[in-house]
Structure formats: structure tokens, C-alpha cells
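Novice: In terms of the working numbering, the sequence shown opens at residue 12 and continues consecutively. Every residue gets a Cβ at the ideal spot worked out from N, C-alpha and C, and that includes glycine.
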Amino acid sequence: MEALTARMRLALELLRDAQNLLAAGSLRSAMSRSYYAAYHACVDALERLGFAPQHFRRRDGLPATRWEHGIVRAVFHRVFVVERQLIEWRLGVALILLYQGRIDADYLPDVEITFERANAMVALAEELITNIQRMVV
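This is the structure in C-alpha cells:
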């Protein structure tokens, strides 16, 4: 079995954090950590294929210097769902759903975060990460 990259180790650490936060009742933080866990796993998958941020353009048209969230969401979906068909559509949009959950949790105090929603987000991140780890890239 291939050794985990530093980025995938980070993804798994953040997923464990999300699970622990959920169990402790910190629903907003669990949702936020779930997104970042999935984000890092998606970046890991892209990097394993040889992609780097500078292969893409930022919103202002300049070359990216880091993995911007919008780039990761769009490119992961295009590469792994549409082009290579390695991830099913439902999981291909998971990062988008997790991102919206993070925005709600981190920035919108009037949005109620239920245990059921936070639990679903943690489970979705876990499923996406598991599928990324299973992929042969």
C-alpha cells in the first residue's frame, strides 16, 4: 500500500476532528472541519495527477499561486467526475455541498445548524475521502 501524503494525512486528521466535534455537540465546527477535510483530500487527488495551482487562473485572470477553493471545486468535478468518471456524480458535487455548509456554519449565525445536518456533512466528507483513497490515480 502506498504511503499517505502529508496532505492526505491532514485530510484524515481534520476528518477525525470533525467526528470528535460532532460527538461533542460542536455542530458548526464539525461542519467546517468536514469541508476542509474533503478539500484537502480533493487537492491531494489533483496533485497526484500532476496538477498544481499555477495550471489555473484566479477570478482576476492571473495565474493562481495557491489552491483556491473555487478552483478545487470546479477542477475536481471536471477531472474526476466528468472526464475520468472515477467519482460518481453524487460525490462529485459533495465538495460544493460541504463548502456551502461551511459558509453557513462559519459566517451565518442566523442559520440553524441541526445535528442531522452536521452529521450528514461529516458522513459525506468521510465517504468522499474514502472514495478518493480507493481511486487509482
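Roughly how far, in whole angstroms, is the beta-carbon of Ser37 from the beta-carbon of Met132, given that I think they are within contact range, below 8 Å?
Specialist: Residue mapping note: residue 37 aligns to position 26 of the sequence shown, counting from 1. Residue mapping note: residue 132 aligns to position 121 of the sequence shown, counting from 1. In fact, because the Cβ distance is near 13 Å, the residues do not count as touching under 8 Å.
Novice: Quick check for students: name the residue ranges of the alpha helix (DSSP H) that lie wholly in the stretch 33-95, counting only runs of 4 or more.
Specialist: Counting only runs of 4 or more, we get 38-59 and 80-87.
Novice: At the level of alpha carbons, what is the spacing between Gln96 and Arg89?
Specialist: The residue you call residue 96 lines up with position 85 of the sequence shown. The residue you call residue 89 lines up with position 78 of the sequence shown. Going by the C-alpha atoms only, they are around 9 Å apart.
Novice: So Met146 is in the alpha helix (DSSP H); what residue range does that whole segment cover?
Specialist: What you label residue 146 is simply residue 135 of the sequence shown in a count that begins at 1. Neither: Met146 is in no alpha helix (DSSP H) and is coded neither H nor E.
Novice: Can you give the Cα-Cα distance for Asp115 and Asn130, rounded to whole angstroms?
Specialist: Counting from 1 along the sequence shown, the entry for residue 115 is found at position 104. Counting from 1 along the sequence shown, the entry for residue 130 is found at position 119. Answer to the nearest angstrom: the Cα atoms are 15 Å apart.
Novice: Considering just the uninterrupted stretch of the alpha helix (DSSP H) at Ala105, what are its terminal residues?
Specialist: Stepping through the sequence shown from its first residue, residue 105 is reached at position 94. Residues Ala105 to Tyr118.
Novice: By Cβ distance, which residues of its chain are closer than 7 Å to Ala49, with the 5 residues on each side in sequence left out?
Specialist: For the purposes of this step, residue 49 is taken as the residue at position 38 of the sequence shown. Result list for Ala49: Ala105, Leu106, Leu109, Ala136, Leu139 and Ile140, in chain order.
Novice: What's the call for Arg70, buried or exposed, on a 16-neighbour Cβ count within 10 Å?
Specialist: For the purposes of this step, residue 70 is taken as the residue at position 59 of the sequence shown. Classification of Arg70: exposed, given that the 10 Å Cβ count is below 16.
Novice: In its own chain, which residues sit with a C-beta less than 8 Å from the C-beta of Arg68, not counting the 5 before and 5 after it?
Specialist: As a first step, residue 68 is located in the sequence shown; it is residue number 57 there, counting from the start. If we look at Arg68 and ignore the five residues flanking it on each side, its Cβ neighbours are Pro74 and Ala75.
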